[in-house]
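Have a look at the structure below before the remarks.
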Amino acid sequence: MGAHRTALIDVGGGFRAIFGAGVMDRCQEDGITFDHCYGVSAGSANMVSFIAGQHGRNHKFYTEYAFRKEYASLDSFVRNHNYANLDYVYGTLSNHDGEYPVDYAAFEANPTGFTVVACDARDGSAKYFDKSDVHYDDFDIMKASSAVPVACEPYMIDGVPYFDGGIADPVPVQKALDDGYDRVVLILTRLKDVLREQRKDIAPARILRHSWPAAAERLLNRYQTYNDEVAQAKRYEEQGLVLILAPDDLCGLSTLSKSFEGLERMYRKGYAAAEAIAPFLEG
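Numbering (the UniProt record's numbering), first residue to last: 1 to 283.
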């Protein structure tokens with residue numbers, strides 16, 4: 001796409017992240033690629049399928065597999081201490097012998113760079129994993145990036161506990177620009193002009209404080225971090241460096257709640273929003 005260095009960021013958002021799946025399927029159909037992809041939480045999983053060239057794979061996960069109790073349910077929480085069964089999603093279903101395996105050879109061969117954001121539970125800092133941290137039948141960095149506090153136990157990698165990357169760096173636009181990318185497409189899964197509120201994070205933060213106080217503090221302040229980073233992204237958008245894609249309606253979806261109709265509507269919104277990408281990258 002010309003002389004520009006291009007990047008795609010998907011901030012995730014649980015089941016709302018199907019918006020990004022729609023964006024990426026449209027990109028594949030239009031032949032749009034990026035030099036680098038940055039994924040947060042469920043956004044990182046979307047990007048593995050995208051980099052591997054597996055059109056429609058993410059859609060199937062959201063609209064079919066996600067309705068299984070093994071995928072995300074109170075039953076999973078009781079059995080595994082995780083509402084979302086990360087090992088089922090990123091292991092049982094995604095490994096080479098899984099129901100819909102990642103095309104790891106295609107993922108590895110694609111020159112597109114890949115960064116996954118997680119939160120170090122010990123001190124609340126952002127951890128940026130890269131493509132070299134993904135291995136055959138080893139998608140642990142996506143599990144770490146998607147471990148929603150309280151709903152999930154921290155995910156351990158090399159003895160280090162990690163939580164959802166959205167706590168530490170929910171909208172890593174500055175990271176992408178600092179890495180040298182000057183055309184950045186940002187996928188949000190909340191309304192672009194609605195501020196995030198703190199109230200839903202207060203109770204989980206109180207619970208988390210007993211085990212992981214630094215992560216709890218980051219969770220308590222996530223709303224401000226998110227709002228500040230979105231405001232910054234908007235300023236960069238005015239300068240022509242960033243294109244923000246966001247739904248105009250959440251379709252009844254939240255991080256952990258869903259309906260088939262809402263998921264399909266959100267997917268179509270992402271698919272339609274992607275029409276703006278080619279002109280932006282070529283500008």
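Even glycine gets a Cβ: it sits at the ideal position worked out from N, Cα and C.
Handout entry: Proximity to residue 103 [Cα-Cα], best of 116, 138 and 260
Key = Here residue 103 refers to the residue found at position 103 when the sequence shown is read from its first residue. If we check each option's Cα against that of residue 103, 138 comes out closest.
Exercise for the section: Just the C-alpha distance for residue 180 and residue 79, rounded to the nearest angstrom, thanks. Expected result: As a working note, residue 180 is residue 180 in the sequence shown. As a working note, residue 79 is residue 79 in the sequence shown. One C-alpha to the other measures close to 44 Å.
Handout entry: 8 Å Cβ cutoff met for residue 284 and residue 5
Key = Shown here, the chain extends from 1 to 283; a query on residue 284 therefore has no answer.
Problem - Contact under 8 Å by Cβ, residue 119 with residue 165 - result: For the purposes of this step, residue 119 is taken as the residue at position 119 of the sequence shown. For the purposes of this step, residue 165 is taken as the residue at position 165 of the sequence shown. Contact: yes.
Practice task
Flag this pair as touching only if the segment 196-206 and the segment 221-233 have three or more C-beta atom pairs under 8 Å; answer yes or no.
Solution key: yes
Exercise for the section: Rounded to whole angstroms, what's the CA-CA distance from residue 263 to residue 254? Just pull it up for me. Expected result: Here the question's residue 263 lines up with position 263 in the sequence shown. Here the question's residue 254 lines up with position 254 in the sequence shown. Computed Cα separation, rounded: 10 Å.
Practice task
Round the Cβ separation of residue 93 and residue 65 to the nearest angstrom and send it over; I've been treating them as touching at under 8 Å.
Solution key: For the purposes of this step, residue 93 is identified with residue 93 of the sequence shown, where counting begins at 1. For the purposes of this step, residue 65 is identified with residue 65 of the sequence shown, where counting begins at 1. Contact check for residue 93 and residue 65: beta-carbon distance about 6 Å, within the 8 Å limit, so the pair qualifies.
Practice task
Take residue 364 and list the residues in its own chain whose beta-carbon comes closer than 7 Å to its own, dropping the five residues that flank it on each side.
Solution key: An answer regarding residue 364 cannot be provided, because it is not within the stretch 1 to 283 covered by the chain.
Handout entry: CA-to-CA distance, residue 33 to residue 282, given in whole angstroms
Key = On the sequence shown, residue 282 is found 282 positions in, with the first residue counted as 1. On the sequence shown, residue 33 is found 33 positions in, with the first residue counted as 1. Rounded to whole angstroms, residue 282 to residue 33 spans 12 Å at the Cα level.
Exercise for the section: Put residue 48 into one of helix, strand or coil per three-state DSSP. Expected result: Along the sequence shown, one-based indexing puts residue 48 at 48. Correct three-state label for residue 48: helix.
Practice task
Between the Cα of residue 197 and those of 215, 176 and 227, spot the shortest distance and give me the residue it belongs to.
Solution key: One-based indexing of the sequence shown puts residue 197 at position 197. Residue 197 has its Cα closest to that of 227, out of 215, 176 and 227.
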